[in-house]
Each structure stands twice: as C-alpha cells, then as structure tokens.
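These protein sequence lines map, in sequence, to chains A and B.
Residue 88 in UniProt numbering is what sits at position 88 of the first sequence, and the numbering runs on without skipping anything.
Residue 187 in UniProt numbering is what sits at position 187 of the second sequence, and the numbering runs on without skipping anything.
Here's the structure, in structure tokens; my notes come after.
Protein chains: 2
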Amino acid sequence: MYQKGMISFAGGLPHPSVFPFHNIAVSAFPANTVIDPAAPQPPAESVEYAIQRELTPSTSYSIQQGLQYMPSTGMQQLLGFLRAMTERMWKPAYADWEVMANSGSTAAWSLITQLLLERGDYILTESMIFSTSQAVFIPMGIKAVPIASDGEGMRADALEEALANWDESKGRRPRVMYLVPVGQNPLGTTMQLERRKDIYEVAVKYDVIIVEDDPYTMLEFPEYKAGQPSTGPDPDVDVDAFLARKSPSFLTIDYQGRVIRMDTFSKVLAPGSRLGWFTMNKMFSERVLRATEVQANGPSGFSQIIVGQLLEQWGLDGFLKWQVNMCEQYRVRRDWMLDAIYNEFDVVPAEETDVEGAIGQVVYPKGQAHTGPALMSFLPPVGGMFIWIKAYWRTHPKYAAFAAGRETPENDFEEIFWKTLIANDVLLTPGWYHDPYQGDDVHAVEEAGAGHYRLAYSFEPKEVMDEGVRRMAKVFVDEWTGN
Amino acid sequence: MYQKGMISFAGGLPHPSVFPFHNIAVSAFPANTVIDPAAPQPPAESVEYAIQRELTPSTSYSIQQGLQYMPSTGMQQLLGFLRAMTERMWKPAYADWEVMANSGSTAAWSLITQLLLERGDYILTESMIFSTSQAVFIPMGIKAVPIASDGEGMRADALEEALANWDESKGRRPRVMYLVPVGQNPLGTTMQLERRKDIYEVAVKYDVIIVEDDPYTMLEFPEYKAGQPSTGPDPDVDVDAFLARKSPSFLTIDYQGRVIRMDTFSKVLAPGSRLGWFTMNKMFSERVLRATEVQANGPSGFSQIIVGQLLEQWGLDGFLKWQVNMCEQYRVRRDWMLDAIYNEFDVVPAEETDVEGAIGQVVYPKGQAHTGPALMSFLPPVGGMFIWIKAYWRTHPKYAAFAAGRETPENDFEEIFWKTLIANDVLLTPGWYHDPYQGDDVHAVEEAGAGHYRLAYSFEPKEVMDEGVRRMAKVFVDEWTGN
Numbered sequence: 001m002y003q004k005g006m007i008s009f010a011g012g013l014p015h016p017s018v019f020p021f022h023n024i025a026v027s028a029f030p031a032n033t034v035i036d037p038a039a040p041q042p043p044a045e046s047v048e049y050a051i052q053r054e055l056t057p058s059t060s061y062s063i064q065q066g067l068q069y070m071p072s073t074g075m076q077q078l079l080g081f082l083r084a085m086t087e088r089m090w091k092p093a094y095a096d097w098e099v100m101a102n103s104g105s106t107a108a109w110s111l112i113t114q115l116l117l118e119r120g121d122y123i124l125t126e127s128m129i130f131s132t133s134q135a136v137f138i139p140m141g142i143k144a145v146p147i148a149s150d151g152e153g154m155r156a157d158a159l160e161e162a163l164a165n166w167d168e169s170k171g172r173r174p175r176v177m178y179l180v181p182v183g184q185n186p187l188g189t190t191m192q193l194e195r196r197k198d199i200y201e202v203a204v205k206y207d208v209i210i211v212e213d214d215p216y217t218m219l220e221f222p223e224y225k226a227g228q229p230s231t232g233p234d235p236d237v238d239v240d241a242f243l244a245r246k247s248p249s250f251l252t253i254d255y256q257g258r259v260i261r262m263d264t265f266s267k268v269l270a271p272g273s274r275l276g277w278f279t280m281n282k283m284f285s286e287r288v289l290r291a292t293e294v295q296a297n298g299p300s301g302f303s304q305i306i307v308g309q310l311l312e313q314w315g316l317d318g319f320l321k322w323q324v325n326m327c328e329q330y331r332v333r334r335d336w337m338l339d340a341i342y343n344e345f346d347v348v349p350a351e352e353t354d355v356e357g358a359i360g361q362v363v364y365p366k367g368q369a370h371t372g373p374a375l376m377s378f379l380p381p382v383g384g385m386f387i388w389i390k391a392y393w394r395t396h397p398k399y400a401a402f403a404a405g406r407e408t409p410e411n412d413f414e415e416i417f418w419k420t421l422i423a424n425d426v427l428l429t430p431g432w433y434h435d436p437y438q439g440d441d442v443h444a445v446e447e448a449g450a451g452h453y454r455l456a457y458s459f460e461p462k463e464v465m466d467e468g469v470r471r472m473a474k475v476f477v478d479e480w481t482g483n
Numbered sequence: 001m002y003q004k005g006m007i008s009f010a011g012g013l014p015h016p017s018v019f020p021f022h023n024i025a026v027s028a029f030p031a032n033t034v035i036d037p038a039a040p041q042p043p044a045e046s047v048e049y050a051i052q053r054e055l056t057p058s059t060s061y062s063i064q065q066g067l068q069y070m071p072s073t074g075m076q077q078l079l080g081f082l083r084a085m086t087e088r089m090w091k092p093a094y095a096d097w098e099v100m101a102n103s104g105s106t107a108a109w110s111l112i113t114q115l116l117l118e119r120g121d122y123i124l125t126e127s128m129i130f131s132t133s134q135a136v137f138i139p140m141g142i143k144a145v146p147i148a149s150d151g152e153g154m155r156a157d158a159l160e161e162a163l164a165n166w167d168e169s170k171g172r173r174p175r176v177m178y179l180v181p182v183g184q185n186p187l188g189t190t191m192q193l194e195r196r197k198d199i200y201e202v203a204v205k206y207d208v209i210i211v212e213d214d215p216y217t218m219l220e221f222p223e224y225k226a227g228q229p230s231t232g233p234d235p236d237v238d239v240d241a242f243l244a245r246k247s248p249s250f251l252t253i254d255y256q257g258r259v260i261r262m263d264t265f266s267k268v269l270a271p272g273s274r275l276g277w278f279t280m281n282k283m284f285s286e287r288v289l290r291a292t293e294v295q296a297n298g299p300s301g302f303s304q305i306i307v308g309q310l311l312e313q314w315g316l317d318g319f320l321k322w323q324v325n326m327c328e329q330y331r332v333r334r335d336w337m338l339d340a341i342y343n344e345f346d347v348v349p350a351e352e353t354d355v356e357g358a359i360g361q362v363v364y365p366k367g368q369a370h371t372g373p374a375l376m377s378f379l380p381p382v383g384g385m386f387i388w389i390k391a392y393w394r395t396h397p398k399y400a401a402f403a404a405g406r407e408t409p410e411n412d413f414e415e416i417f418w419k420t421l422i423a424n425d426v427l428l429t430p431g432w433y434h435d436p437y438q439g440d441d442v443h444a445v446e447e448a449g450a451g452h453y454r455l456a457y458s459f460e461p462k463e464v465m466d467e468g469v470r471r472m473a474k475v476f477v478d479e480w481t482g483n
C-alpha cells in the first residue's frame, strides 16, 4: 500500500545496508564464443561486468535490489529481456501473455502440478516421460495417460482417441497435457508445426491445458546425414535462419491462451542458475504468482543479477547467437554418437526393412544389414541430448524360451540385458525408468518383444562415445549371434 | 551407479565447458564490520575472493561444480560449514542429525507441509502466525489450532490442554507443530530454555513433530532498558558470551529426533540468497531429499558458491561475529522504536496496572499514566524485527456503542482504526492478517474488546520511526480522549 508521505511500519524488510557485498565482478564469455567440443577450452576473450551496491550507468542490476526481498515474479529488468525474446522467437498468438521467472523447470513443474491436478486425476503424457517429471505427481495420486508417439512425439490421432473414448468411471477426463516438444526426454523426438496444430486442435476440442516443457528448444539441430564427414561447430549459423527453420512454440499457435510454457537457462547457460521462466496467460499467471509467493518467494537474487546482467551485456541478438552456438555444440555431440553407431553397426532406414513398427533406422550387426537379426531401431534425433533405442528382444535367440510363462518378459529382459551391459562397462538408462506411471498394477509394454534404453550424448568426449558404443556393439552381437 | 572403467551414457548433464563464466570475483565486507544504523555506510575495508572455473588453492568452490547439476542436498563444502556451526551453536541432543540446504525457509516450509500434512489435518501454531506460513497450508485443506501465548510464545499448559482434550470427531489429533521461537512474527516473543523443555515434553507425550522455523535466531537481544540513553551498536560483543546467553534451539533438547529445524541466510546475509538449511534426523532428511529432488533440484549454485566461499573466507568464528554484529544492528533499531513509543506515550509495566490480561507494558496518553485510558499494551521484544501491540478498543469512548449488535466488533474496529491510521499517513500491519486460519466460519477474537497491530522496526531510519510513532500517538490520543 503506497501513498505519498506515508510512513510504513508494515514491511519487515532486512536493512540492505547490511548485505555484506561491495561488488560482484563477473568475467564471462563473449556471446559469439564457439567452443570446440573436441578440445573444449574457455575463450581467450571475455565480457566484463560488475554489479555494485547501487545502480551504475552501465548496469541494470544492483546488489541492494537484487539481494532484497522482491516480487516473486522475478526482477522487472530480467522479465523485460525475456518478454522481448519471447516476442522475437514466438510471436504469441494472443496479446496479453505474461512472463514470470521461476527457480528452474523442476520447481516450475512441481508448482503447476499442484495448481492444476488433484488426487485421482489423470494427466496426458507422451509415450515415455522424464522420470523426475512424473516423480512429482505420482505421490499426489495422479496417473499418466500415455499417448502413442511417432517420430515427432505425441500422435494427434491417438490423443483424440484417448479423449473421445475416455471412460468416466476411471475418473474425470484429463484436462492437462505434459509435453517436451523438442528433443523429448527420453524419446529424442521433436514436434514440427503441423503436428503441433493438430495436437492443439484436439486440446481445444476437449478443453485441455497444454504444459509445454521446452528445455531443449534451442538445441534443435539439422538432420543427421549418415556417411558425411563429421564437422565441428559452425560459427556462422545465422540466428534468423535458425529461428526460421526451428519448430515454433505452442505459444505461436495458442490463440486461446491454453498453453503454459516453461523455459530454463539450465541447458543454454548453466543448471546451477536454478533460473527459468513461464510464459502463459494472465489467468494462469495470477495463480502461479500467488503460489510462488508462498512456496518459493521467487528465484535466487544472485542468479537473477548475474544472469540478468550477462544478458544485458550480450544483448538479445548476442544471447540468441550464444544459444545457436550451443545448438552447434550439441549437434556435434549428437553427430559423434550417431557416427559411432553407424561405424559399429549396419544401419538401414526403417522403411527399407520389414521390421514391424520400426521408426527411423534399423540396426543390424556389422556387415549383416537385412541378413542378420534386427538388433534395434532408433530415431536420429534433431534436438536435445538423447538417443532412444528400441532393442528387439524378439530376435534374440533365447528370448522366446525366456518369455514363456512370464507376465512381463519385455521388462524382465530389459533389466537383465541392462545388467549385461553394465558387466561390460557401459551404462545406459533403462526404458522402464521412463515408463509413464499408470498405477501399481499396470506394467506397460509399449511393444511386444521389445525394450528400450536411453543414450545421452551431451557429456562424454568423442573417444569415450566411440569406445562405449563399441562395447555396446560387442555385447549386442555376442548376445544375438552367440559369438 | 559407479564402477571403475564404466562408460556412462546414462547421465544427460550439460557440458560444463559451455558454462559461460571465466571468473566471479566478489568484494565483501570483513566479518567484523560494524555498520552504524544511524548513518549506514559500507565499510572501507573488504574481503576479496574469486571463484574460478576450476578449484584453486585458495577456494573451496568452482564454477564448473557450482553451476552443474548437483545433489539436491546442496554442496558438501557448504554442508560441512553448516554442520560445524550447528555443532558449535546447538550441540544437538542426538548423534546422527543431518544438515541439508534448501532455497530459503518459504520453500522449505512449503515442502515440509506437503510431506507431513494431509487434507483435513490440523496443525498446532502459536496464537498468531506469519501469514505466508499459513497461506501455504490453507489451500491444502489444513486448519490451524492456535495455542495461547504469553511473553515467551506458546504456553505449554495450553498446548497440553488442547491435545489432551482433542475432539477426534473434528479429525485426527494434530501431529505437527509450527513455531517461530525467537522474535516470533508477529508476536515478537522469544522462548527460553525452560519453556522449550516444557513444550518438548508435551510433544513427546502426544507424539508431535516440532517444526522450528528460526530465521531470527541470531537477532536475540538483551532486554530493553527504558529510560537509559540509546547506544549505537556495540562492536565488542563476545560470540561465546552471546551464545551462552541466547535461547538454545529445540535441537539442543531433542533427544528423540522429533525436531525439524529451518535456518536461513535471509536475515543475516541477504534475502536474495534464497538459501537456507534444514537440521533434522535421517528419517526426515531422506524423505525431504527425495521431495527436493522432484520439487526444486536444490538451491541456486550462484548462491551456494558466493555465500559458501564468503563463509570460507570469514571462517566460522568470523561468521558468528558477523551475526552478532547483525544482532546489534537490529537491537539498536528495536531501541529506536521503543524509545519513540516511550517518548510519545506514558508507558507503565503491566503488573503495576489493573489492565486485565496485559503482558509487558501498558501505554497511556502522555502525562496520563494510570489516570488516562489504557490505550494499548505490548511486550518489548528481545528478538526479531517486530513489536506487537494490543489496542484496547474497550477503553475507546465510542466502542461500546459501536460493538452493540455486531458479531465481530473487535475485528471490525481493528479495520476501521487501521484505516484511520492510514488516513494519518502511518501504515501498520493489522492483527487479522496474522490470525491463524481455523476455517471460513471461525472469526477468532483473542481478547474481548481488543485488537492488534504489528510494527516493524527493521527498516526505517530513526527520524522516520520517531515521526511515525508521533503520528500514531496523535491518532490514538485524539480518538481516545476526543481532543
């Protein structure tokens, strides 16, 4: 409550004179830095800035403001930057959208689940889900309704079918959908514009809120070209060309304001920032703000002033260029992992094989394309950090005998083979880790006689990827061909 | 999962080579800084430290570690410091307690409410509660059971009575207690050792978990001495003497491990750190960690490395000295506010008056001690940031007529008088803002013919406090004596 001349004893703020920092000086990378993933070194150049107790002519952030209690929306300077970026990148389809900072997408999604879901509810998910994303709602008594995916993620026809034929005796029809549209974790799928429109229209028809969790949005690559020499990061990718080719956000087509979008700095700056942001309509943002006030009190001020001022130093064009360079980083790493797979196996486009239900590429032992057993299939990802492989237990010589009389032989075999890989010093994430939770009594099997593993290409050096895939290949070939 | 020689594709970490920071250099205040609240200026001296990409011989934190995904416990270096401080300050009564970082006490308490409380539950609170602390549990369908307070906060006899006579038809007996034992917000009460023991034994008897939210723990002052000349901050308060005189934590007497303690850097470093910590037994900490992993993923890495390294630079003795100096800061501000009240009113110890139910000091118009109307009473706080005043509507000349036929005249009058104060340019926090929520149909009146306001002395300069209290005094005297 403000009125001119008022003396307020109502606040209770600590006095900023005792925030014990004179100055926080940051030496950061220039926005146009290109790191060579093959020999990563910090650049020789730097961008220097200092956040002082008071605002200075060259800074938008101060210690006294940034370290005080503040609105749970996050700082206005930061929100202004994010609004401008949202406008540039997505051109949302309605006018009065809001941007609000949060403490990263884990915290953001936890808050949204609490606001939108109630005990006994169902939530629409993709056919596989990031385990942490569901670990937050399972204890709340929420179950997933996994919708079948293809190479672009959730299928609109399967979504329509699930909603049209909803059995109300199970509980009320799902009103919330959770999607990771770019580089889906774990599926590695990326959803293009037409699919998004189809999904959106089903959401309109059945009044479903779409939560678009998009941490990998800027890590959307060109397609992998098998057999071409691998190249390092391209320093000359044009930002506008990048944005023109990349899939849009659901915000771009959200004429009804039914999308809650979650972005994060975790993948393009650093996870330790614990800083992300929502974009959503005012009806949602008012409720999210109220919940944030009592559940978090906003993100770290240190994170906001250090990241916020970096964005000011770089400018919007600079930050977009930085992100496009990040994309090239992970594009190169994706290529390394796929190169290794193509080197160690024979890889054939699924449509040239007779493997039922395969999408993307089918993998045979080296030199045995079409003639040997189909070991697995996978979709070469055009976004994110993961390759999702489907392993064909049904072509394994011992699987038929193994499966006889078992209730969930696919899951059992997946675990056994996972341990075989571990015994051979290569660790993957098993598929069951990403199975959407449908109740304690439901053991989902996505495809008869098949299992899944997730491979991350975000972290290991090329030589390690090569060696890891070599180990995988040896285990697969030994197991399947009995050598 | 770790084994020697393993290659892991299971992780999915972003590559730290692309965290775009060379160096974060901090210029901080020396630990023994004494700020003069009357003319607050940063000290001329500084403590300098720099967090670099890799660890250096002089730092315990690095950018590559601090900005990566990390265990949701917080960083081990920070936890080590906090463990040592806990041992030094509280000497917990059992051996295997755990310390775990969190994103500040708002987030911490939100998480605890979700873990310990279920829809329909009741929670034991003090007679008044910090509004944000209950705003998080009200929407969960939880109601408060306020326990009568005296000058030390919650009364053990009233607690025993509430639990012994619990009406199971309302719901199950409360199993969780929420307390702010030092400088209670809004009551300004501080609980000494004997009271804590009494409360603890009732908790043992009825198997109640005590959540000790203690943000003001280091702001525990010596008693206010009326009529003595006000003094500036004492630079020579000895840390050990301070700790010896201050009230202990419930941890000190918690031989059963039923206390969940919440500390925060908000009041002694800066709220913008969004950094605090739990101390609790392993049974609790395992569950809290699991919940944190899916709800927050730990506190900001920027906060942890900047605060953590500051603590390393200062050392434990230094940080304790800093906090004792903080205590002196707020002791001086407390004195300013009380000086102003003593100057503008006649203030008489409650036991020398016949005002029923008054604790602490009774306030009369200037020059009318005992002879004029008792306007209000208050407890001079020995901790925290707030003075809680009880205003005596029943001595107001128009109150009897006002109250006739009204259901909640105390609350109505409180709001009207609050607006009268605002019209005279002084803003207090009204008592109803802190009423524990007992259901939509319950309008609590703590004392017939009385209302409450909270005054914060943490922020305004002395001259503003003087002027604000002068305005208050004029409004009170005009209203009560019709001048």
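Think of the CB as a built atom: it goes at the ideal place given N, C-alpha and C, for glycine as much as any other residue.
- With a contact defined as Cβ atoms closer than 8 Å, threonine 217(A) and aspartate 254(A) miss out at about 15 Å.
- In the DSSP assignment, no residue is bridged to threonine 217(B).
- When Cβ-Cβ separations below 9 Å define contact, leucine 117(A) makes no contact with chain B.
- For the region 280–306 of chain B, the residues whose beta carbon sits under 9 Å from a beta carbon of chain A are, in order, Arg290, Ala291, Glu293, Val294, Gln295, Ala296, Asn297, Gly298, Pro299, Ser300, Gly301, Phe302, Ser303, Gln304, Ile305 and Ile306.
- Spanning the alpha carbons of aspartate 36(B) and proline 222(B) requires a straight line of approximately 18 Å.
- Taking the beta carbon of leucine 13(A) as reference, the chain B residues within 7 Å of it are Ser458 and Phe459, listed in sequence order.
- If you draw a straight line from the Cα of isoleucine 51(A) to the Cα of glycine 301(A), it comes to about 12 Å.
- Counting only runs of at least 4 residues, the region 69–140 of chain A fully encloses the following alpha helix (DSSP H) elements, listed from N- to C-terminal order: 76–90, 105–116 and 131–135.
- Residues of chain A whose Cβ lies closer than 8 Å to the Cβ of asparagine 411(B) do not exist; the shortest such Cβ separation is about 18 Å.
- Spatial neighbours of valine 204(A) in its own chain (CB-CB distance under 8 Å, excluding positions within 5 residues in sequence) are listed in chain order as Gln256 and Arg258.
- Straight-line spacing of the CA atoms in tyrosine 433(B) and isoleucine 416(A) works out to 59 Å.
- Cα atoms of asparagine 411(B) and histidine 443(B): separation of roughly 8 Å, rounded to the nearest angstrom.
- The Cβ neighbour count for leucine 269(A), taken over all protein chains shown within 10 Å, is at least 16; the residue is labelled buried.
- Looking at Glu463(B), Trp388(B) and Gly367(B), the one whose alpha-carbon comes closest to that of valine 477(B) is Gly367(B).
- A Cβ-Cβ distance of about 19 Å is found for the pair proline 248(B) and valine 208(B), leaving them out of contact under the 8 Å criterion.
- The C-alpha of arginine 196(B) is placed about 16 Å away from the C-alpha of glutamate 220(B).
- When beta bridges are read from the DSSP output, asparagine 281(B) appears opposite Trp97(B).
- In summary, the residues of the region 424–444 of chain A whose CB is separated from some CB of chain B by less than 8 Å are Asp425, Val426, Leu427, Leu428 and Thr429, in the order they occur in the chain.
- In this structure, tyrosine 330(B) sits near tyrosine 457(B), with a CB-CB distance shorter than 9 Å.
- At least one C-beta of chain B is nearer than 9 Å to the C-beta of serine 266(A).
- Per DSSP, the beta-bridge partners of methionine 376(A) are Val363(A) and Ala391(A).
- For glutamate 467(B), the nearest CB of chain A lies under 9 Å from its own CB, placing it at the interface with that chain.
- Looking only at Glu356(A), Ala95(A), Gly153(A) and Asp150(A), the smallest Cα-Cα distance to leucine 251(A) is reached by Ala95(A).
- Separation of the CB atoms of tyrosine 224(A) and aspartate 150(A) is rounded to 18 Å, and the pair is thereby denied contact status at 8 Å.
- Taking a Cβ-Cβ cut-off of 9 Å, the neighbours of glutamine 68(B) in chain A comprise Ala270, Pro271 and Gly272, given in sequence order.
- Think of a sphere of 8 Å around the beta carbon of valine 26(A): the chain B residues whose beta carbon falls inside it are Phe21, Asn23, Ile24 and Ala25, in chain order.
- The shortest C-alpha to C-alpha distance from serine 60(A) to any of Ser377(A), Pro461(A), Ile305(A) and Met337(A) is the one to Ile305(A).
- Assignment of alanine 28(B) by DSSP, reduced to helix, strand and coil, places it in the strand class.
- In this chain, the alpha helix (DSSP H) harbouring phenylalanine 319(A) covers 301–344.
- Annotated three-state conformation of phenylalanine 265(B) is coil, per DSSP.
- Taking C-alpha positions only, lysine 267(A) is separated from alanine 93(A) by approximately 26 Å.
- Chain-order list of chain A residues neighbouring proline 181(B): empty, with the shortest C-beta distance near 18 Å, by a criterion of under 7 Å.
- C-alpha of glycine 188(A) to C-alpha of glutamine 192(B): approximately 58 Å in a straight line.
- Taking methionine 85(B) as reference, the option from Asn102(B), Arg53(B) and Asp317(B) with the minimal CA-CA separation is Asp317(B).
- Sixteen is the threshold: since fewer than 16 other Cβ atoms of the shown chains lie within 10 Å of the Cβ of arginine 245(B), the residue is exposed.
- When CB distances to chain B are screened at a threshold of 9 Å, the residues of the region 468–481 of chain A falling below it are Gly468, Val469, Arg471 and Met472, in chain order.
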